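The block underneath contains the structure these notes are about, expressed in structure tokens.
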Amino acid sequence: MQNLENWQDEFEMCIYAKRLLDKVIYLNSIVKVPKVDVLVVKKAIYYARKYHGSQMRQSGEPFYSHPLEVSYLVSDYLFRTDILVTAILHDTIEDTELTQEEIAAAFGWQVANQVMDLTRIKGAGVKISSAETVELLYREKKYDVLLIKLFDRLHNIQTIGAKPPEKIRKIIDETLKRFITLSIFFEDRTHGVLKISNKIVALCHYYSPITKHMLQNQTIIFKDNYQLPFPTAQNAIIHNYIRNILVSK
1400 MQNLENWQDE FEMCIYAKRL LDKVIYLNSI VKVPKVDVLV VKKAIYYARK
1450 YHGSQMRQSG EPFYSHPLEV SYLVSDYLFR TDILVTAILH DTIEDTELTQ
1500 EEIAAAFGWQ VANQVMDLTR IKGAGVKISS AETVELLYRE KKYDVLLIKL
1550 FDRLHNIQTI GAKPPEKIRK IIDETLKRFI TLSIFFEDRT HGVLKISNKI
1600 VALCHYYSPI TKHMLQNQTI IFKDNYQLPF PTAQNAIIHN YIRNILVSK
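With this note's numbering as the guide, the letters of the sequence shown map in order to residues 1400 to 1648.
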């Protein structure tokens, strides 16, 4: 592990960090205790920038801008230090040299384990899909971490335009099959406070020429052998709600 003990002296503000930190400071001023630890969030930002380094997104932005934006988005719904830090670091184990043990040493095992939960590389180096990650987190009832995954996908859809058409098609197909259902699950759990499903559908429709056909031909999305990864009692309600969303677009 690199020697990062002097991270506060080396910390450099950037537009992405300022956007997130300004929001955290503002939310701290209006919410009841417990507050989010701004210093720990800054430390996580430093780690994300340090380890993602020169990695770039296809949009031309530095890669670390993505996890910072995910943390920004999730802060409206789950304002906790460990969640914001996990969001900031969620790609580090998978895409950088930072290890789970090193994260634990710097931020504690709760954060380290949550980052590992979001890492698609599992035992024996096998990489699972985002859809499989969602199903695994749901089965294990790790809903807080699952919320980070949902906003991770939302931001990826928001910035998908720079990707090749075939990649766009693959991501949108997976989003329609898994993440819309997930978003409605959270809408139900938050009694409508978290409203994101319509936004995801609209983004899918906007960015992919084939999505209009997919939304019109629901058999592409709702195959007979496809089972929603949520309790059976909710399936009919969720299924019908998704249909109403899709046909109204």
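Note that the Cβ used here is the ideal one computed from N, Cα and C, for glycine as well.
Since we're looking at a predicted model, the values are computed, not measured.
Is residue i near residue j, with beta carbons less than 8 Å apart?
i     : j     : result
D1551 : V1469 : yes
L1553 : L1472 : yes
V1435 : T1480 : yes
S1582 : L1536 : no
I1492 : M1515 : yes
I1547 : L1602 : no
Q1457 : A1523 : no
H1465 : T1495 : no
For residue i and residue j, I'd like the C-alpha separation in whole angstroms.
i     : j     : result
F1462 : Q1509 : 24 Å
V1423 : V1437 : 7 Å
K1576 : I1599 : 12 Å
R1588 : H1604 : 26 Å
E1501 : D1475 : 28 Å
F1410 : N1427 : 21 Å
D1421 : F1506 : 21 Å
M1403 : S1453 : It is Leu, not Met, that sits at residue 1403 in the sequence shown. Using only the alpha carbons, I get a separation of about 18 Å.
F1478 : Y1425 : 12 Å
R1418 : T1558 : 17 Å
K1521 : E1534 : 14 Å
L1497 : A1511 : 11 Å
N1597 : K1449 : 36 Å
T1580 : D1408 : 44 Å
K1540 : P1564 : 34 Å
L1483 : Q1513 : 11 Å
Y1606 : I1567 : 8 Å
R1538 : H1590 : 21 Å
I1570 : Q1499 : 27 Å
K1526 : W1406 : 32 Å
R1519 : I1429 : 36 Å
C1413 : E1586 : 33 Å
A1504 : A1416 : 23 Å
L1593 : F1584 : 10 Å
V1439 : A1447 : 12 Å
L1545 : I1595 : 14 Å
E1460 : D1572 : 25 Å
Please classify residue i: does DSSP put it in a helix, a strand, or coil?
i     : result
K1526 : strand
I1595 : coil
I1619 : Low confidence applies here, because I1619 scores a pLDDT of 34, under 50, leaving its location unreliable and the question unanswered by this model.
E1409 : helix
For this session: Write down every uninterrupted run of the alpha helix (DSSP H) in the region 1424–1512 whose length is 4 residues or greater and which is fully enclosed by it, in chain order.
Result: 1437–1451, 1464–1473, 1480–1488, 1491–1494, 1499–1506
For this session: Evaluate the contact criterion for the region 1477–1497 versus the region 1443–1460: three or more CB pairs, one atom per stretch, below 8 Å.
Result: A contact exists between the region 1477–1497 and the region 1443–1460.
Problem set entry | Contact between the region 1559–1579 and the region 1521–1540 (3+ Cβ pairs under 8 Å) | yes
Problem set entry | Every unbroken alpha helix (DSSP H) inside the region 1540–1580 [4 residues or more] | 1542–1557, 1564–1573
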